[in-house]
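Residue numbers for the sequence shown, in full-length UniProt numbering: 1 to 349. Backbone N, C-alpha and C fix where the C-beta goes; we use that ideal spot for every residue, glycine too.
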Amino acid sequence: MAADFYLQSVSADSPLPLPPQHTMSLRKQLTDVLPEYLPANPKEAIKGTELIRLIRMKLEGNYSDASLRYHFSIMSCDPTSPIAKVEKGQGYYRRTAPIPALSSAQEIYSHYQGRLDDIHGDQVEVDHAMMRIRKFRAIVNKWCDVNGRFPFAFREPFAADAPIGNLWKFPEMLLVDWESGEDDEQARPLLKLKSQLGLPPFRLHAARLRILPAHHTFREDFFQTLSASVWAQGGELIYAAPIEDEALSDAIRRLSTIFGIGVTTFGLTAEILDDLPRPANILNAHPRETEALMERLDVTRVSSPKSRPHIDWTALEAIRGDSEEVDKLLTWLSESAESGHILPYEEKS
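Right, dumping it as structure tokens:
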């Protein structure tokens, strides 16, 4: 009946009335407009007040400053939105897709390792990505030397013919901290006492090295670190690039609080990695060169690791047959204990 009445009220010659026009939602408008005004560099982040001034004339509808600020805040927590909030300080910047070469490096390292023959891509890009990875490993190694930590690198578990499951069993690097705090004759009595009591004279942390922190990969990075550190006394996830996204940083901290994995970033952007010397030069750097290298780092402890008092020898024994390097590790630790100090384990480029 209502339809008949409507049709009768409209003459055959008159056009049908158009339905009311609906204004695009504010979130959709912001998604379209914000990329034009947000800086790509987090260091040039724009304050909310200035951003509101710039975009207001582009929006359909009369929205209050409070409403716009609310949407900025909500959208900055969404990894699919174009706006991100700086992790430290105030301001917003444009969230972009990962830099292709860095993303490729991370994918190669986390999923293929030495299986470069299986990657059908630009060989130049592959080589470039792997060079960044090797430089980062060398930098972490040198940073450990400077800070009194002793690294042991696992290589065999990530060879071309190794099972992909080794990513969940082995860390890229084991970081050894000497518990006595001394490296001389006075440390030997304490070392022997700890050995007699069955206590480890050093602390072992399994470290997973990754190039770029990102919303779509950080959980895999984190839980691989957790899995590969079950036999050690703790786990550490070390990123080359800084974490600029506040939402990403908060998500990583929440996981760390629950599971006790430490997370550190070295502040090495793609440009800095490319500008660094070759891995062999980093590893063999003289004191002045080492000092210059360390000045290029911006090491940030996102979260601290929680150390367990004992090594899980049962879990360590379970992976012993998966790599001969486990025996090399145990031999190195045993010889270090006998000598009264940690003997350096030479890292090759």
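Should residue i go down as buried or exposed, given a rule of 16 or more other Cβ atoms within 10 Å for buried?
| i | result |
| --- | --- |
| residue 376 | No statement about residue 376 is possible, as the shown extent of the chain runs from 1 to 349 and does not include it. |
| residue 213 | buried |
| residue 102 | Note that residue 102 scores 45 on pLDDT, short of 50, meaning its location in the model is unreliable; the coordinates nonetheless yield the value given after this. Flag for residue 102 reads buried. |
| residue 91 | buried |
| residue 224 | buried |
| residue 137 | buried |
| residue 89 | exposed |
| residue 327 | exposed |
| residue 244 | buried |
| residue 354 | There is no way to answer for residue 354, as the model of the chain reaches only from 1 to 349. |
| residue 133 | buried |
| residue 147 | exposed |
| residue 41 | exposed |
| residue 64 | exposed |
If the criterion is Cβ atoms closer than 7 Å, does the pair residue i and residue j meet it?
| i | j | result |
| --- | --- | --- |
| residue 233 | residue 149 | no |
| residue 82 | residue 34 | yes |
| residue 176 | residue 209 | no |
| residue 211 | residue 240 | yes |
| residue 226 | residue 235 | yes |
| residue 228 | residue 170 | yes |
| residue 39 | residue 93 | yes |
| residue 135 | residue 279 | yes |
| residue 297 | residue 267 | yes |
| residue 238 | residue 257 | no |
| residue 85 | residue 246 | yes |
| residue 285 | residue 230 | no |
According to DSSP, residue i sits in a beta bridge with which residue or residues?
| i | result |
| --- | --- |
| residue 205 | 175, 234 |
| residue 279 | DSSP, once it has assigned bridges, lists no residue as partnering residue 279. |
| residue 245 | 86 |
| residue 151 | 175 |
| residue 264 | 238, 301 |
| residue 94 | 83 |
| residue 253 | Note: residue 253 sits in no beta bridge, so no partner. |
| residue 210 | 239 |
Mind checking if residue i is an interface residue toward chain D, Cβ cutoff 7 Å exclusive?
| i | result |
| --- | --- |
| residue 177 | This model lacks chain D altogether, as it is built from one protein chain only. |
Quick one: does the C-beta of residue i sit closer than 6 Å to a heavy atom of the ligand FAD?
| i | result |
| --- | --- |
| residue 250 | No copy of the ligand FAD occurs in the structure displayed, which carries no ligand at all. |
Continuous alpha helix (DSSP H) assignments of at least 4 residues falling wholly in the stretch 29-89 | Taking only runs of at least 4 residues, the alpha helix (DSSP H) segments lying wholly in the stretch 29-89 are 48-55, 65-76.
Pairing CB atoms from the stretch 294-308 with CB atoms from the stretch 150-158, are three or more of them under 8 Å?
-> No, because fewer than three Cβ pairs between the stretch 294-308 and the stretch 150-158 fall closer than 8 Å, the two stretches do not touch.
With a floor of 3 residues, list each beta strand (DSSP E) that falls wholly inside the stretch 295-323, ordered by position along the chain.
-> You should have 300-303.
May I ask you to verify whether the stretch 262-281 touches the stretch 315-329, counting CB pairs closer than 8 Å and requiring at least 3?
-> No, the stretch 262-281 does not touch the stretch 315-329.
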